[in-house]
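What follows is one structure encoded as structure tokens, with my remarks underneath.
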Amino acid sequence: MYNENTILKGKKVTVIPLQQSNLKSYLLVYKKASAFAEMYEKYDDLWNATRKDVENDYIQAGNRRFLIIQNSLSKSVGYINLTFGDSRQAEVDLAVIEEYRRKGYAFEAAKMLIQNTIKNGLVESVIWSAFPSNKASCHIAEKLGGVLIERGNFIKEAMQAAGCTFESVDEGDIPKTVSYEIRK
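Read in order, the letters of the sequence shown are residues 145 to 328 in the working numbering.
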């Protein structure tokens with residue numbers, strides 16, 4: 145079964161669970177690595193709502209947040225999150241800071257965490273959503289065995305859940321997504 149202290153160590157990266165002791169580091173990486181980094185800079189209310197959401201939910205049963213640590217540098221280079229719903233699925237959210245991309249860190253972190261989660265019976269599958277223009281993310285999902293599925297625009301739903309009223313957001317700024325289902 146899942147243990148909140150589970151640490152997954154690979155050749156390139158180590159995946160460590162978010163705890164109070166590393167929350168500040170996680171927030172810095174999250175804001176910088178996220179696909180929404182530009183939107184967080186442009187819309188303070190969006191970042192403030194997201195930051196508060198992270199601070200309040202990282203210990204709740206439905207969320208698992210992790211830092212991705214580059215082994216040789218012992219440096220936080222990204223994050224990976226799993227959100228568990230009522231079904232036997234989890235949704236993954238993953239990002240690596242730009243200067244550390246294309247080094248295999250995202251793939252290794254995702255592979256370790258997804259395999260561990262499925263192997264331990266927490267879910268039957270994981271949903272991986274990405275922007276169609278993010279070829280690297282789509283490639284990783286496919287390399288992990290992901291099959292393209294139909295889904296709604298989860299970005300708008302996530303922004304609404306974070307308390308964004310859209311009064312200060314141009315809906316044209318909200319990008320479309322594609323989703324993959326990964327089973328092992």
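Note that the Cβ used here is the ideal one computed from N, Cα and C, for glycine as well.
Item, Value
"Beta-carbon gap between L211 and N260 smaller than 7 Å", "no"
"Three or more C-beta pairs below 8 Å linking the segment 147-157 and the segment 215-223", "yes"
"DSSP beta-bridge partners of Y85", "What is shown of the chain runs 145 to 328, which leaves residue 85 out entirely."
"Q233, DSSP secondary structure in three states", "strand"
"Sub-7 Å separation of R327 and S281 beta-carbons", "no"
"S277: first and last residue of the uninterrupted alpha helix (DSSP H) it sits in", "Run containing S277: none; DSSP gives neither H nor E here."
"Simplified DSSP state of K153, which is helix, strand or coil", "strand"
"Spatial distance of V291 from E325 (CA atoms)", "5 Å"
"Contact the segment 250-266 vs the segment 183-198: 3+ CB pairs below 8 Å", "no"
"Three-state class that DSSP yields for R332 in the structure shown", "This structure does not reach residue 332, given that the chain is present from 145 up to 328, and the question cannot be answered."
"Rounded separation between K255 and L288 - CA only", "7 Å"
"Residue interval of the beta strand (DSSP E) (run including S323)", "322-327"
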